[in-house]
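Student: First, the structure itself, so that you have it in front of you.
What follows is the structure in structure tokens.
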């Protein structure tokens, strides 16, 4: 059939360095990933390298590959993984780790890094790389942070290695000299029985014992996506994505992304509009998403959204935001955005009581939510979706019940504002809190399976009494596995391998996930899955993922942990003084703000 509109199919022989970007999930999921779109364009505009896409095949395709004896191949030139110089995986979600091993096997590559000879080298990046140890047995090197600039440095090393005929170890040693790159084989690592880090020792001279992440300096300079690929089919997020800023400084204590993607860097509105225009010219999408971790915080969000709508409204193009603040400004903005199509409004109070919202530093009050949904119902919305978590640190039954009580207050406002009971819909989506590395809650384990089920039962009992509410809850078993893998150490690599051999794949998909299989894999390797996921550490313990903090200060995280216990809030550093997270001095960088406020006012 050829390739999709705007796919780049380069001449194989004319490019010295060949990279396979592997997304460990289906095409429909991977093609929605903004990072793939950015790196695809970054590499393919070079004249000495190419980057081609590889996705996890669905079950029927995998069966055919195995039956016919074909290796997993790229979409552009249909080349098997073994013919590339670099095979790179993005680590977006811990439940995709089994797919990584399956894709390596389908590609004809040795699963264990120590058994590989020659090319390709297997690398990995993304948020999961901030705790690389669970995959250390399978990945040759990890990249911490943003990939645009560091990928260029990697390509230069690989070019030199190929021209000079370096041995595999020599190439890896040269890569290990690049800031932000971790090569597991060059480190001796040991733990005690409780999983505390005892030793993290470089086996070669001049290698770091702590890693800072890479930050893209070209992000703000207009290196846009002039022609994103238009997929063959309807993908999960089938829209034009325009990145308006990186990082978030709100400081929610449960949020790993808010910690590891600091500092905040905002694009100018002129650049955002120019990139949107280029993308729309080349794609014909019917929706433009202004993407960031906290798009409502972008200072020119209303002006940019209005200009885009004014320009594209007649063509039926909608403008959307992936995240809205809980305030009346958000409703006004949403009203502006819904000129073309009116969708459900979504907000994330995260917790049902103010006590819990203070513990997690959400910075939102019940009054904020009430005022916001009142404005929304007055503006004509009839459906509201609310996101919450259970299992947060120091949560009580009263906090759990507060989720339903708060949702009922929202429904009451809908009735008061004239929404008919037949049309009023308040969806309550409740996930299970999973502690993540490099957050103030990294020392805590997840609550037990029985306790999750008990708290879910409280929600179910209360929600049944109110037909206006639609309650959706997350499977506790996937949360337990995610918790076990997210804070795992290098010993768990053999568990992942065992699970792969037992048939684990697509663990993020309910129809494929097999909890009993994972329990068996953990037990066969000497671990109890739930007990491992529930492990807690003291603030004095050295954590397995501590060397990979990327610039976040442990002192800051410990302070935030203590402030959480005291229910004490920490202000957004964009609105107050520096919070001392450590990222700016460690990376020798400052926030880039376009809203008229001087950066030096924030840092003093």
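Residue numbers (UniProt numbering): 1 to 604. No residue lacks a Cβ here, since even glycine has one placed at the ideal position from N, Cα and C. Quick caveat, the model's predicted, so the values are computed rather than measured.
1) Using DSSP with H/G/I as helix, E/B as strand and the rest coil, what is residue 93?
2) Find out if the Cβ-Cβ distance for the pair residue 361, residue 251 is shorter than 8 Å.
3) Starting from the Cα of residue 455, find the closest Cα among 433, 174 and 467 and give me that residue.
4) Measure the C-alpha to C-alpha separation of residue 405 and residue 204 and round it to an integer number of angstroms.
5) According to DSSP, is residue 551 helix, strand or coil?
6) If distances are taken between C-alpha atoms only, which option among 193, 331 and 248 comes closest to residue 378?
7) Determine the closest residue to residue 567 out of 354, 216, 319 and 325, with distance taken between C-alpha atoms.
8) By the DSSP assignment, the beta strand (DSSP E) with residue 248 in it spans what residues?
9) Check for me: the beta strand (DSSP E) holding residue 125 runs from which residue to which?
10) Classify residue 539 as buried or exposed, calling it buried when 16 or more other Cβ atoms lie within 10 Å of its own Cβ.
11) Are the beta-carbon atoms of residue 50 and residue 44 separated by less than 8 Å?
12) Reducing DSSP to helix, strand and coil, say where residue 534 ends up.
13) Rounded to whole angstroms, what is the Cα-Cα separation between residue 578 and residue 62?
14) May I ask whether a heavy atom of the ligand NAD can be found less than 7 Å away from the beta carbon of residue 21?
15) Tell me whether residue 391 is buried or exposed, calling it buried when 16 or more other Cβ atoms sit within 10 Å of its Cβ.
16) Can you check DSSP and say which residues form a bridge with residue 414?
17) Could you check which residue in 387, 112 and 486 has the C-alpha nearest to that of residue 345?
18) DSSP has residue 182 in a bridge; who is on the other side?
19) Suppose you measure from the CA of residue 187 to the CA of residue 25; what does that come to, to the nearest Å?
20) Using the DSSP secondary-structure output, state which residues sit across from residue 578 in a beta bridge.
21) Which of helix, strand or coil does DSSP assign to residue 236?
22) Going along the chain, which residues of its own chain have a beta-carbon closer than 7 Å to the beta-carbon of residue 419, five neighbours each way excluded?
23) Please report how far the alpha carbon of residue 120 lies from the alpha carbon of residue 81, in whole angstroms.
24) How would you call residue 107, buried or exposed, if buried means at least 16 neighbouring beta carbons within 10 angstroms?
25) Output the distance between the C-alpha atoms of residue 603 and residue 148, rounded to the nearest integer angstrom.
26) Counting pairs of beta carbons, one from the segment 174-189 and one from the segment 517-533, are three or more of them closer than 8 Å?
27) With respect to the alpha helix (DSSP H) encompassing residue 373, which residues constitute its N-terminal and C-terminal limits?
28) Whole angstroms is fine: what's the gap from residue 233's alpha carbon to residue 53's?
29) Beta carbon of residue 589, beta carbon of residue 269: below 8 Å?
Tutor: Considering the structure as presented:
1) coil
2) yes
3) 433
4) 58 Å
5) coil
6) 331
7) 354
8) No beta strand (DSSP E) contains residue 248, which DSSP labels as neither H nor E.
9) 121-125
10) exposed
11) yes
12) coil
13) 51 Å
14) The ligand NAD is absent from the structure shown, which contains no ligand whatsoever.
15) buried
16) BP columns for residue 414 are empty, so no partner.
17) 387
18) 142
19) 30 Å
20) In the DSSP output, where bridge partners are listed per residue, residue 578 has none listed.
21) coil
22) 377 and 382
23) 8 Å
24) buried
25) Any reading at residue 603 must be qualified, since the residue scores a pLDDT of 40, below 50, and its modelled position is unreliable; the value itself is stated next. Straight-line Cα distance between these residues: approximately 27 Å.
26) no
27) 366-378
28) 16 Å
29) no
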